Amino acid sequence: MKTKVLMVCLGNICRSPLAEGILKSKVDPSKVLVESAGTGGWHVGELPDSRSIDIAKKHGIDITDQRGRKFSEYDFERYDVIYVMDNSNYRDVLKLANSDSEKKKVKLILNEIFPGENVDVPDPYYGGSQGFENVFQMLDDACEKIAQKL
Numbered sequence: 060m061k062t063k064v065l066m067v068c069l070g071n072i073c074r075s076p077l078a079e080g081i082l083k084s085k086v087d088p089s090k091v092l093v094e095s096a097g098t099g100g101w102h103v104g105e106l107p108d109s110r111s112i113d114i115a116k117k118h119g120i121d122i123t124d125q126r127g128r129k130f131s132e133y134d135f136e137r138y139d140v141i142y143v144m145d146n147s148n149y150r151d152v153l154k155l156a157n158s159d160s161e162k163k164k165v166k167l168i169l170n171e172i173f174p175g176e177n178v179d180v181p182d183p184y185y186g187g188s189q190g191f192e193n194v195f196q197m198l199d200d201a202c203e204k205i206a207q208k209l
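Residue 118 in the working numbering sits at position 59 of the sequence shown, with consecutive numbering throughout.
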């Protein structure tokens, strides 16, 4: 049976598509399904931000097959673990949980490299290209730890 992982950020165009692409590049797709979503629905059906596409491509990862979608309550049933990019996403996702078992699936992704520190992945949307590179490196480190666990 496949382990199913969902990456979640605000708009599903910057951070979570990068996290999805990075983790996919580190795991066996026959054993692990990785997808992403956003807590907001502004970018449903859209490609990831061009800067996310560019930084992923720079590191040999193609994320142009991804399209934005909104997180839903059904995602608790479908996924084994839900990694959120920041504390705001964490609170928004937990509000939709209907049980303690659903709440236990939700984790802050950077707690993989900074255990218990509840560090946010900064949203690079309004920053320059260096912000996207910094986010890529953080997510790459966290996804390496996740891949080792899976």
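All C-beta atoms in this analysis are idealised placements derived from N, C-alpha and C, irrespective of residue type, glycine included. Note that this is a predicted model, so its numbers are computed, not measured.
Local conformation of residue i per DSSP, three classes
i, result
"residue 78", "helix"
"residue 194", "helix"
"residue 151", "helix"
"residue 205", "helix"
"residue 179", "coil"
"residue 135", "helix"
"residue 200", "helix"
Element boundaries [alpha helix (DSSP H), containing residue i]
i, result
"residue 162", "159 to 163"
"residue 116", "109 to 117"
Span of the beta strand (DSSP E), counted from its first residue to its last, around residue i
i, result
"residue 95", "91 to 97"
Beta-carbon proximity check, residue i vs residue j, cutoff 8 Å
i, j, result
"residue 108", "residue 65", "no"
"residue 95", "residue 105", "no"
"residue 128", "residue 71", "yes"
"residue 183", "residue 191", "yes"
"residue 77", "residue 198", "yes"
"residue 168", "residue 142", "yes"
"residue 98", "residue 148", "yes"
"residue 63", "residue 137", "yes"
"residue 171", "residue 201", "yes"
"residue 166", "residue 140", "yes"
"residue 67", "residue 206", "no"
"residue 61", "residue 91", "yes"
"residue 120", "residue 81", "yes"
According to DSSP, residues forming a beta bridge with residue i
i, result
"residue 143", "67, 167"
"residue 129", "97"
"residue 62", "91"
Residue i Cβ short of 7 Å to the ligand GTP heavy atom set
i, result
"residue 89", "Absence of the ligand GTP is noted for the structure shown, with no ligands found whatsoever."
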